[in-house]
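Colleague:
Protein chains in written order, with this note's numbering: chain A, 3 to 449; chain B, 3 to 449.
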């Protein structure tokens, strides 16, 4: 039994009709492992498995599912089942996550059928927060004590609250107006006198975020200060919820994957186990942009056809100029995008562009000198070599500035700067690079 | 006072000669914030600041520093100062991190001067672990109790151990042979009878890692199971240390930044506030590869100069073919690299290549049809249009397979697959793409 893989155990369980046997086969498998295996099953098998397990386990597994597969599966449940079996067994933030993927009227119906009215209200509240804000990340399951309690009464209060909560991340202390004032360490509580008031034991709160704080800022803050949990408050300082580091880890990973995919020319969240159709859908948009750019490049070269017929060697270096312009542009954008993501905004735009100008000139000089030497060494015509080297310098400086400017502008207009690192900037640089090349050729060779 | 920025306060403190005043100005600033500001100072100012603060604060700030600046600063200390003032005030993992950046003989000297011999041994042990393994990430500060203790004696044991530890992440339970058997929740301990034995209270351990487990695997595991802390054991099951989620977050971010930079053609960890020289050094290698590739492309086109003179329009589409080959290759590699990073290795190489072949054919057909339509619409010669469309299909299929194959091969030979997404694959695809283009042109146009 120990030797069987999780997949084999779940497949075996699926074929088992005896309830007790079934339960025994899957006992001890972590819900995250079950989710991983079940995601690879077809919809019918998945549903068959969920019909056999109890609602609490179903809820635990669903929390671990990919959004897409979860939506598919949940839509096979009735609103009543969702309300009682799934939502009733989930933390408020997980329930809100799940419901946010359903149609709005279905969500309403589900919430009206949730037994615990307080929980329904909390979830409804969570659903109002914008995506990728602290409010959307937080959970509302909290252990909260009033600062006027004594240590011994506090322990009793905590015990009753903790009963409904899987894992206690922090004990929050509030004043009589429900304003968050601090946290209480269990270490302190363990060593305190029984009659000591909490107001003398708690540690004043150092870091909080508002429900409207962007998730990226929350992630940066928790990473910087090594926080495992951070309280979310409203503008008045009332405690609304808490965000734990594991939720932030998921966010950081997703963001990083998205940026990486944008830089590689992929839209959507595409994974290696997605279908051929899904992978194609994620790839085709960027390729169409690239094709479109290529056609513009073809038109530009066509307009300079006479130059190429007079000096055919000019054509040899077109791909080189285009490729270098694209590479430099992507490098410059990537540095800006990373600076924006990690909140290192210490320099203003003018400073950034000035520095990039220096880097571009420096890079450009080195590369065009190498190019000039290589060109002469390979026996190309001197004027051609001079044209290519000069163009290279000009194009590199231009692409550096352009690659820095575009993401900064996008960010200023609240568009995701990472978009700039995709094929868009490469294509634009290709086109402009070749225009520069032909102009300089005309100046130097003088045809 | 509240209104002054942290930077302004630190600058003000630097000018203050009165010790008490100095302490008052910087009171309450988080060490991470101090580190952030101090990193932007010149070395002399930084050293001046560190001379004024007490060793404990200095250690806290240094832990938050970038490696490079930390190495610079620490090397101005004597080995005795490092041993007593810095190492003495750090957790074992942070101390090992700091010492790993010093020359080996200096590290030895420091360790021989550390007062707490047990700590020195622990650090020396930590320094033996390979980079990016669980052993290198773990800290050895632990709260450990024997399972034979009663609840009341356990609390006493915990209290005395916790005194030396900043933050208690978990209480580990071991048997008489020091083999890790479980963890103890404080909730359970709070509610237990005073004479209950720990063996009846602990939760059996579910997840452990070995000290040799790769950091990436640790990160994936902690994320999957939502763990805040994971114990590190040796092959016999003895408890060696623990890894907390905040350390893993740092690792995840660094890995993601590295992959992103490789995909954007940057080497080294380059940040927007690095000097012009540092940024250039990170960018030049990839650009030189690109230049080298461009020169090869020029040679190939030169070899086909007659073709171009006969059919000049052939030259128009060279950049398009090269760019598309590059784009498709990067897309394919990126998907593989991500799959490798997140441990989704469910398919073998043949399956991956077969699927990629399907995706390449699908993408290629769509794009070459679009190309064919656009070519005719724009009035290009039919044979030229046919050549470009056919080449596009061939090149896309080839680049898909090549882009999938290279990172898989690199991974098999234990080379970082992310390298494949840089300009290397773009350049290789440029070259091969154009060779294919001219061959197909020769076949179709028959010059």
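The beta carbon of each residue, even a glycine, is placed where N, CA and C say it ideally should be. Remember, predicted model here, so these are calculated numbers, not experimental data.
Mind listing, in chain order, the continuous beta strand (DSSP E) runs of no fewer than 3 residues lying wholly within the segment 31-72 of chain B?
Modeller: Runs found: none.
Colleague: Could you say which of A:416, A:382, A:430, A:414 lies nearest to residue 405 of chain A if we only look at CA atoms?
Modeller: Residue 405 of chain A sits at position 403 when you count from the first residue of the first chain. The option with the nearest alpha carbon to residue 405 of chain A is A:430.
Colleague: Output the distance between the C-alpha atoms of residue 126 of chain B and residue 242 of chain B, rounded to the nearest integer angstrom.
Modeller: Here residue 126 of chain B refers to the residue found at position 124 when the second chain is read from its first residue. Here residue 242 of chain B refers to the residue found at position 240 when the second chain is read from its first residue. Each residue's Cα considered, the two are about 14 Å apart.
Colleague: Please report whether the beta-carbon of residue 259 of chain B lies at a distance below 8 Å from any beta-carbon of chain A.
Modeller: For the purposes of this step, residue 259 of chain B is taken as the residue at position 257 of the second chain. Closer than 8 Å to some Cβ of chain A, the Cβ of residue 259 of chain B qualifies, so yes.
Colleague: Should residue 334 of chain A be listed as close to the ligand COA, given that the test is whether its C-beta is under 7 Å from any heavy atom?
Modeller: The ligand COA is not part of this structure, which contains no ligands at all.
Colleague: Could you spell out the range, first to last residue, of the beta strand (DSSP E) harbouring residue 184 of chain B?
Modeller: Along the second chain, read from residue 1 onward, the residue named residue 184 of chain B stands at position 182. Here the beta strand (DSSP E) through residue 184 of chain B covers 182-186.
Colleague: How big is the Cα-Cα spacing for residue 131 of chain B and residue 50 of chain A?
Modeller: Taking the second chain and counting its residues from 1, the one referred to as residue 131 of chain B is at position 129. Taking the first chain and counting its residues from 1, the one referred to as residue 50 of chain A is at position 48. Approximately 47 Å, taken between the alpha carbons.
Colleague: Is residue 105 of chain A helix, strand or coil by DSSP?
Modeller: Locating residue 105 of chain A in the first chain gives position 103, where the first residue counts as 1. Coil at residue 105 of chain A, not helix or strand.
Colleague: Grouping DSSP H, G and I as helix and E and B as strand, with all else coil, what is residue 369 of chain A?
Modeller: Along the first chain, read from residue 1 onward, the residue named residue 369 of chain A stands at position 367. Helix.
Colleague: Please list the terminal residues of the continuous alpha helix (DSSP H) segment that includes residue 329 of chain B.
Modeller: By 1-based counting over the second chain, the position of residue 329 of chain B is 327. Unbroken alpha helix (DSSP H) run through residue 329 of chain B: 320-343.
Colleague: Have a look at B:320, B:294, B:87 and flag the residue whose alpha-carbon is nearest the alpha-carbon of residue 435 of chain B.
Modeller: In the second chain, the residue the question calls residue 435 of chain B occupies position 433. Taking only the C-alpha atoms, the option nearest residue 435 of chain B is B:320.
Colleague: My parser needs the alpha helix (DSSP H) runs of 4 or more residues fully inside the segment 207-292 of chain B; what are they?
Modeller: The segment 207-292 of chain B contains these whole alpha helix (DSSP H) runs: 217-226, 247-265.
Colleague: For residue 11 of chain A and chain B, any beta-carbon pair shorter than 8 Å?
Modeller: As a position in the first chain, residue 11 of chain A is number 9, starting the count at 1. Chain B, which has no Cβ nearer than 8 Å to the Cβ of residue 11 of chain A, makes this no.
Colleague: So that I know if they touch, is there some Cβ in chain B lying closer than 8 Å to that of residue 3 of chain A?
Modeller: Mapped onto the first chain, residue 3 of chain A falls at position 1. Unreliable placement is indicated for residue 3 of chain A, whose pLDDT of 42 sits below 50; the coordinate value is still reported in the next sentence. With 8 Å as the cut-off, residue 3 of chain A does not count as an interface residue toward chain B.
Colleague: What are the boundary residues of the beta strand (DSSP E) that residue 173 of chain B is part of?
Modeller: Indexing the second chain from 1 puts residue 173 of chain B at position 171. Unbroken beta strand (DSSP E) run through residue 173 of chain B: 173-176.
Colleague: So with Cβ pairs under 8 Å, would you call residue 190 of chain B a contact of chain E?
Modeller: Of the chains in the structure shown, none is chain E; the protein chains are A and B.
Colleague: Measuring straight from C-alpha to C-alpha, what distance separates residue 3 of chain A and residue 227 of chain B?
Modeller: The residue you call residue 3 of chain A lines up with position 1 of the first chain. The residue you call residue 227 of chain B lines up with position 225 of the second chain. Below a pLDDT of 50, predicted positions are generally treated as unreliable, and residue 3 of chain A, at 42, falls in that range; no measurement from the model is reported.
Colleague: Determine the extent of the alpha helix (DSSP H) in which residue 89 of chain A is found, giving its start and end residues.
Modeller: Along the first chain, one-based indexing puts residue 89 of chain A at 87. Where residue 89 of chain A is concerned, there is no enclosing alpha helix (DSSP H), given that its DSSP letter is neither H nor E.
Colleague: Might you give, ordered along the chain, the residues of its own chain that have their beta carbon closer than 7 Å to the beta carbon of residue 239 of chain B, omitting 5 neighbours on each side?
Modeller: Position 237 of the second chain, counted from the first residue, corresponds to residue 239 of chain B. 181, 182, listed in sequence order.
Colleague: In chain A, which residues lie less than 8 Å from residue 314 of chain B when you measure between Cβ atoms?
Modeller: The sequence position of residue 314 of chain B within the second chain is 312, counting from 1. By Cβ distance, chain A contributes 307, 310, 311.
Colleague: Would you mind working out which of A:8, A:68, A:437 sits nearest residue 301 of chain A, comparing C-alpha positions?
Modeller: The residue labelled residue 301 of chain A in the question sits at position 299 within the first chain. Considering only alpha carbons, the answer is A:437.
Colleague: Should residue 158 of chain B be flagged as near chain A, meaning a C-beta pair shorter than 8 Å?
Modeller: Taking the second chain and counting its residues from 1, one reaches residue 158 of chain B at position 156. It does not; no Cβ of chain A falls within 8 Å.
Colleague: What number of angstroms, rounded off, separates the C-alpha of residue 354 of chain B from the C-alpha of residue 260 of chain A?
Modeller: Taking the second chain and counting its residues from 1, the one referred to as residue 354 of chain B is at position 352. Taking the first chain and counting its residues from 1, the one referred to as residue 260 of chain A is at position 258. When rounded, the distance between both Cα atoms is 22 Å.
Colleague: Got a sec: is the Cβ-Cβ distance from residue 77 of chain A to anything in chain B below 8 Å?
Modeller: By 1-based counting over the first chain, the position of residue 77 of chain A is 75. With 8 Å as the cut-off, residue 77 of chain A does not count as an interface residue toward chain B.
Colleague: How would you call residue 392 of chain B, buried or exposed, if buried means at least 16 neighbouring beta carbons within 10 angstroms?
Modeller: If you number the second chain from 1, residue 392 of chain B lands on position 390. By the 10 Å Cβ count, residue 392 of chain B comes out buried.
Colleague: Have a look at residue 46 of chain A and residue 75 of chain A and give me their C-alpha separation to the nearest angstrom.
Modeller: Along the first chain, one-based indexing puts residue 46 of chain A at 44. Along the first chain, one-based indexing puts residue 75 of chain A at 73. Rounded to the nearest angstrom, the two C-alpha atoms are 9 Å apart.
Colleague: Could you name the residues of chain A that residue 161 of chain B contacts, counting a contact when the two beta carbons are closer than 9 Å?
Modeller: Stepping through the second chain from its first residue, residue 161 of chain B is reached at position 159. By Cβ distance, chain A contributes 189, 192, 193.
Colleague: For the segment 208-227 of chain A, list every residue whose C-beta sits within 7 Å of some C-beta in chain B, in sequence order.
Modeller: For the segment 208-227 of chain A, which is checked against every Cβ of chain B, the residues closer than 7 Å are 225, 226, 227.
Colleague: Give the C-beta separation of residue 72 of chain A and residue 23 of chain A to the nearest angstrom, bearing in mind that I take them to be a contact with Cβ-Cβ under 8 Å.
Modeller: In the first chain, residue 72 of chain A corresponds to position 70, counting from 1. In the first chain, residue 23 of chain A corresponds to position 21, counting from 1. About 28 Å; that fails the 8 Å criterion.
Colleague: Strictly under 8 Å for the Cβ-Cβ distance: is residue 432 of chain A near chain B by that measure?
Modeller: Your numbering for residue 432 of chain A matches position 430 in the first chain. Closer than 8 Å: yes.
Colleague: Does the count of Cβ pairs from the segment 328-341 of chain A and the segment 15-22 of chain B closer than 8 Å reach three?
Modeller: No, the segment 328-341 of chain A is not in contact with the segment 15-22 of chain B.
Colleague: Touch check for the segment 52-66 of chain B and the segment 83-102 of chain B: three-plus C-beta pairs under 8 Å?
Modeller: Segments in contact, yes.
Colleague: Flag this pair as yes or no: are the beta carbons of residue 145 of chain B and residue 176 of chain B separated by less than 8 Å?
Modeller: Taking the first residue of the second chain as 1, we reach residue 145 of chain B at position 143. Taking the first residue of the second chain as 1, we reach residue 176 of chain B at position 174. Going by C-beta atoms, residue 145 of chain B is not nearer than 8 Å to residue 176 of chain B.
Colleague: Cβ closer than 8 Å: which chain B residues qualify as neighbours of residue 304 of chain A?
Modeller: Locating residue 304 of chain A in the first chain gives position 302, where the first residue counts as 1. Residues of chain B passing the Cβ test: 315, 318.
Colleague: Quick one: give me the first and last residue of the alpha helix (DSSP H) that residue 13 of chain A is part of.
Modeller: The count along the first chain starts at 1 and reaches residue 13 of chain A at position 11. Here the alpha helix (DSSP H) through residue 13 of chain A covers 8-16.
Colleague: For residue 30 of chain A, count the other beta carbons within 10 Å of its own beta carbon; 16 or more makes it buried, fewer makes it exposed. Which is it?
Modeller: Taking the first chain and counting its residues from 1, the one referred to as residue 30 of chain A is at position 28. Counting Cβ neighbours within 10 Å, residue 30 of chain A comes out exposed, since fewer than 16 surround it.
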